[in-house]
Ligand code: TYM
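Numbering (our numbering), first residue to last: 9 to 351.
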């Protein structure tokens, strides 16, 4: 779609969300959490545990609240500071559901039908998928725009959803003759950790739902487990090439080089400059050391944070209040723009 005639001129704000659907892994860390921690130093940041998104597929009411606390604990253990960033749970702020409904009326069926994540998640039996799963990316747009967020740090898999958020913002601004009201949010995806792949199959992304625990490194894994998983990661017998072109068709190798680059805050090419000609017998232990250095302190901190659920609850209660204070006036303007009675 074309750029709006009147651009958004409000302040910059960062928003991102993580679903409470299982323990976090290295992909979540490199694609999202690590970026969140850096951004809190430079931006006004809001980070959300998205439990409304989680219920688009069945969840056990006995564990949903527990999983929400666990993700919050991971935010804190990774280094998010609740004094600087707003940390809260989606269902505690009603603006998300309300704006999602309004956006359901701006989004078009055709736009949602193109979403690859819905196709993947719904599988063959699309008729049985919940309407919520279909409308999932509309709720995601509401999450971002209820705060007029301008920047969204996410992994590569969220790119299409972010494009949809921009289309929805633009459509709302146009349909309601409110040019520049919502920003068109920018995804922050670039960098080597944006798409971390399974350690067992370099063509599939590392995922919470993969049946094999050997496919991923969890934030809770200890040093021995991490080293063992990296040692068992599927690669090939060739040594590392001199340039990134030589990684084409070598998915397992490319993935490990990418993980190394993301953790060392460098590029794939810089990693190859150091390891070209060396085999995995040398590279894997070096990578394992780097992953252990980055992940095990988070795992230890997680244990400490998890031991104090009252603190986690306080962070979430305080965060919800601060989130409402930002979203409520924006929602008042939205109601007025639409022409709802009493607005
Ligand atoms: P979720 O919970 O699936 O994943 C959380 C974040 O981790 C990133 N990620 C990865 N990054 C690199 N490599 C991987 N293998 C990998 N796996 C996951 C995801 O891209 C994400 O950034 N729809 C979102 C949650 C959401 C959201 C939002 C995000 C809801 N509302 C508003 C941004 C803004 C999701 O499914 O995240």
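Heads up, the beta-carbon is just placed ideally off N, CA and C, and yes, glycines get one too.
Note that the structure is a prediction, hence the values are computed from the model and not measured.
The alpha carbon of residue 269 has as its nearest neighbour, out of 307, 296, 174, the alpha carbon of 296.
Relative to residue 248, the option among 261, 257, 238, 241 whose CA is nearest is 261. Secondary structure of residue 181 (DSSP, three-state): helix.
DSSP places residue 131 in the coil class of the three-state scheme, outside both helix and strand. Closest option to residue 333, judged by alpha-carbon separation, among 128, 103, 176: 103. Ranked by Cα distance from residue 272, the first of 105, 298, 119, 177 is 298. A residue is called buried once 16 or more other Cβ atoms fall within 10 Å of its Cβ, and residue 134, having fewer, is exposed. Under a 10 Å Cβ-count criterion, residue 56 is classified as buried, with 16 or more other Cβ atoms of the shown protein chains found around its own Cβ. Pairing residue 121 with residue 230, the inter-Cα distance amounts to about 42 Å.
Taken from the Cβ of residue 159, every heavy atom of the ligand TYM lies 6 Å or farther away. Taking residue 293 as reference, the option from 252, 233, 255 with the minimal CA-CA separation is 233. Using a cutoff of 6 Å, the CB of residue 213 counts as near the ligand TYM, since one of the ligand's heavy atoms is closer than that. In the three-state DSSP reduction, residue 121 falls in the helix class (H, G or I). By the Cβ neighbour-count rule, residue 61 is buried, with 16 or more other Cβ atoms within 10 Å of its own.
The ligand TYM never approaches residue 221 closely enough for any of its heavy atoms to be under 6 Å from the residue's Cβ.
Less than 7 Å separates the beta-carbon of residue 160 from that of residue 195. Note that the C-beta distance between residue 344 and residue 226 is not below 7 Å.
With a threshold of 6 Å, the Cβ atom of residue 152 counts as near the ligand TYM, since some heavy atom of the ligand is closer than that. Secondary structure of residue 342 (DSSP, three-state): helix. With contacts defined as CB atoms closer than 7 Å, residue 320 and residue 29 fail to qualify as a contacting pair. A contact is defined here as three or more CB-CB pairs under 8 Å, and the region 11–27 meets this definition with respect to the region 152–170. Where residue 161 is concerned, the enclosing beta strand (DSSP E) starts and stops at 159–161.
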